[in-house]
Amino acid sequence: MFVEQAAERLELDIRNLTDSETALLISETYRDINRAVLKSLVLNRDGENLKVLSSAKVRLHMCNFLRFQALYKERDVREMLSEIIDHRKPYHGQDVYQVGSFPYHHYALYWHIQAYRNKRFINMYSLPARDYSDIEFRVYVSAEIGKIK
Numbered sequence: 001m002f003v004e005q006a007a008e009r010l011e012l013d014i015r016n017l018t019d020s021e022t023a024l025l026i027s028e029t030y031r032d033i034n035r036a037v038l039k040s041l042v043l044n045r046d047g048e049n050l051k052v053l054s055s056a057k058v059r060l061h062m063c064n065f066l067r068f069q070a071l072y073k074e075r076d077v078r079e080m081l082s083e084i085i086d087h088r089k090p091y092h093g094q095d096v097y098q099v100g101s102f103p104y105h106h107y108a109l110y111w112h113i114q115a116y117r118n119k120r121f122i123n124m125y126s127l128p129a130r131d132y133s134d135i136e137f138r139v140y141v142s143a144e145i146g147k148i149k
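Read left to right, the sequence shown gives residues 1 to 149 (full-length UniProt numbering).
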């Protein structure tokens, strides 16, 4: 599903791909999955079987520092995620993106998506193209000390 959509958008023939085209297709597919996961959080669809994710579920977890210090409430984090839903460039690595920075508190907020099947972590690169049943995407949000620009 996601692979076919990304290939169509990039105008690639899935049967005849070069190494660079394959890497581009994987990256674009991965970002589409991330976008769908974020969109479900924005819509408060946690724990539901989502048609757009082929019956996968999504859950949001915030780090203890954010929860206990009450820097930002869960609702605020969801709003921030909705603002960057079309943000396409990874901050570092394939599945860690910068949501925003808060100069007053000197913190940067990051989100990280992990996929689980049968409560076991699976690499998102090894996800099947169509079968997302029994997959749960967990979105972890954490705060790190950042530099003020």
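Note that CB positions come from ideal geometry on N, CA and C, so glycine has one too.
A Cβ-Cβ contact shorter than 9 Å links S40 with E48. Taken atom to atom, the span from the alpha-carbon of A36 to that of R45 is near 11 Å.
9 Å or more divides the Cβ of V3 from the Cβ of H61. At least 9 Å separates the beta-carbon of H112 from that of S82.
For the set I122, S126 and Y116, the Cα lying nearest the Cα of V58 is the one of Y116. Residue range E74 to E83 is occupied by the alpha helix (DSSP H) that includes R75. Take E74, set aside five residues on each side of it, and the residues of its chain with a beta-carbon closer than 8 Å to its own are L60 and M62, in chain order. Under the 10 Å beta carbon count, N118 is surrounded by fewer than 16 other beta carbons and is classified as exposed.
Cβ-Cβ separation between L10 and L24: approximately 7 Å, consistent with a contact (criterion under 8 Å).
For A7, the enclosing alpha helix (DSSP H) starts and ends at F2 to L10. Assignment of beta-bridge partners to L43 by DSSP yields no partner. With a beta-carbon spacing of about 5 Å, A6 and T29 fall inside the 8 Å limit used to define contacts. Burial check for F137: the Cβ neighbour count within 10 Å reaches 16 or more, so the residue is buried.
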